[in-house]
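Reviewing the structure listed below.
In our numbering, the protein residues as written are 2 to 126.
Structural data, given as C-alpha cells:
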C-alpha cells in the first residue's frame, strides 16, 4: 500500500543527516476511530483530487497546529501521508513544498464545499 509513497531521498545513505537523531520511537497504533477517520479522509482526498485537479488545483493547504503556519500538500503527498497514518500510525517525514503558489491550493473546507456543490448540482438534474 505504501508503493506510491515518495522514496526517502536519504534511504541507504551512510551520510544521512537524520542518523544523528537516532531511531524514531514506534508510534502508538491508531484507535479504531482514528483509523476510520483517516480512511474517510483518504476517500475524501481521492474525490477532491478527481474534481479539483482538472480545475488546476494542485492540492490542499492545511493550517499546522504545531507551528501555526500553512503547509501545502500536493495530492500524492496527501495520499501517501494518509496511507502511512493508516498503516504505521504516523505520517511520513516529508519536505515542505518549495515556494508553492497559494493560488494553486485550496483549504479542506473549500474542497468539501466544492464537492458538496457538485453533488447538489448533479442531484438537481
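Beta carbons are placed, not taken as given, at the ideal position from N, Cα and C, and that holds for glycine.
According to DSSP, residues forming a beta bridge with residue 75 = Per DSSP, 60.
key: Euclidean distance between Cα positions of residue 89 and residue 82   = Taking the straight line from one Cα to the other gives about 10 Å.
query = The alpha helix (DSSP H) spanning residue 43 covers which residue range?
reply = Run containing residue 43: 33 to 53, per the alpha helix (DSSP H) assignment.
inquiry  = I want to know whether the region 108 to 115 touches the region 55 to 68 - three or more CB-CB distances under 8 Å.
reply    = The region 108 to 115, when compared against the region 55 to 68, does touch it at the 8 Å Cβ threshold.
Residue from 46, 87 and 103 with nearest C-alpha to residue 31 = Ranking the options by Cα distance to residue 31, first place goes to 87.
ask   = Does the Cβ-Cβ distance between residue 46 and residue 78 come in under 8 Å?
value = Contact check for residue 46 against residue 78 fails: the beta carbons are separated by 8 Å or more.
query = Which residues in the same chain as residue 98 place their Cβ atom closer than 6 Å to its Cβ, once the five residues preceding and following it in sequence are excluded?
reply = Excluding residues up to 5 positions away in sequence, 73 lie with their Cβ nearer than 6 Å to the Cβ of residue 98 in the same chain.
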